[in-house]
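Residue numbers (our numbering): 86 to 227.
Just so it is clear, CB atoms sit at the ideal spot from N, CA and C, and this is done for glycine as well.
Working notes, beginning with the structure itself.
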């Protein structure tokens, strides 16, 4: 047997072994639709949650696009906006994050400086999903 074929066989065997040992993880996708101020959370392509959010109010911007969660903080205090609490923050583009808010009466309308706000309980659920599943993808549309 030529050495190249043997090496290919060994590598394929190792890859198969590692694949069967690796834990299965669900993909987490948070789709934010700013036009209706809603977030839909999908696990492995299936809708799992549908929540009201608040994105940027007039004069501010919530970026549109496709992002990955970069940093996660159980509790963060904004350095830019007077130490405002940002519980269960999932940072996706610099200082932009999805996080809980105490202003739940404003959910469903534009109210933030650019972050995506959720009720504290929903932010905790999303945070734990992203933590246990190895991150999340965020899709934001206008």
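Could you tell me whether the Cβ atoms of residue 184 and residue 174 are closer together than 8 Å? As a position in the chain shown, residue 184 is number 99, starting the count at 1. As a position in the chain shown, residue 174 is number 89, starting the count at 1. Yes, the Cβ-Cβ distance between residue 184 and residue 174 is below 8 Å.
At the level of alpha carbons, what is the spacing between residue 206 and residue 186? For the purposes of this step, residue 206 is taken as the residue at position 121 of the chain shown. For the purposes of this step, residue 186 is taken as the residue at position 101 of the chain shown. Whole-angstrom Cα-Cα distance: 10 Å.
Start-to-end residues for the alpha helix (DSSP H) that takes in residue 210: Here residue 210 is taken as the residue at index 125 of the chain shown, counted from 1. Residue 210: member of the alpha helix (DSSP H) spanning 205-217, first to last residue.
Assuming the contact rule is C-beta atoms closer than 8 Å, residue 139 and residue 190 should be a hit. Round their C-beta distance to whole Å, please. As a position in the chain shown, residue 139 is number 54, starting the count at 1. As a position in the chain shown, residue 190 is number 105, starting the count at 1. Not a contact, Cβ separation roughly 10 Å.
Beta-ladder partner(s) of residue 181, from DSSP: Position 96 of the chain shown, counted from the start, is the residue given in the question as residue 181. Note: residue 181 sits in a beta bridge opposite 178.
Buried or exposed for residue 147, going by 16 or more other Cβ atoms inside 10 Å? Position 62 of the chain shown, counted from the first residue, corresponds to residue 147. Residue 147 counts as buried, since no fewer than 16 other beta carbons sit within 10 angstroms of its beta carbon.
May I have the straight-line CA-CA distance separating residue 131 from residue 220, to the nearest angstrom? Here residue 131 corresponds to residue number 46 of the chain shown, with the count starting at 1. Here residue 220 corresponds to residue number 135 of the chain shown, with the count starting at 1. Cα-Cα distance, rounded: 17 Å.
Return the CA-CA distance between residue 128 and residue 212, expressed in angstroms with no decimal places. As a working mapping, residue 128 is identified with position 43 in the chain shown. As a working mapping, residue 212 is identified with position 127 in the chain shown. Spanning the two alpha carbons is a distance of roughly 13 Å.
Taking C-beta to C-beta, are residue 150 and residue 210 nearer than 8 Å? For the purposes of this step, residue 150 is taken as residue 65 along the chain shown, with counting starting at 1. For the purposes of this step, residue 210 is taken as residue 125 along the chain shown, with counting starting at 1. Taking the C-beta atoms as reference points, residue 210 is found no nearer than 8 Å to residue 150.
Just how far apart, CA to CA, sit residue 161 and residue 171? Start at 1 with the first residue of the chain shown, and residue 161 comes out as number 76. Start at 1 with the first residue of the chain shown, and residue 171 comes out as number 86. In this structure, the CA atom of residue 161 is about 5 Å from the CA atom of residue 171.
Taking all protein chains shown into account, do 16 or more other C-beta atoms lie within 10 angstroms of the C-beta of residue 197, making it buried, or fewer, making it exposed? Locating residue 197 in the chain shown gives position 112, counting from the first residue. Using a 10 angstroms sphere on the CB of residue 197, the tally of other CB atoms reaches 16 or more, which defines it as buried.
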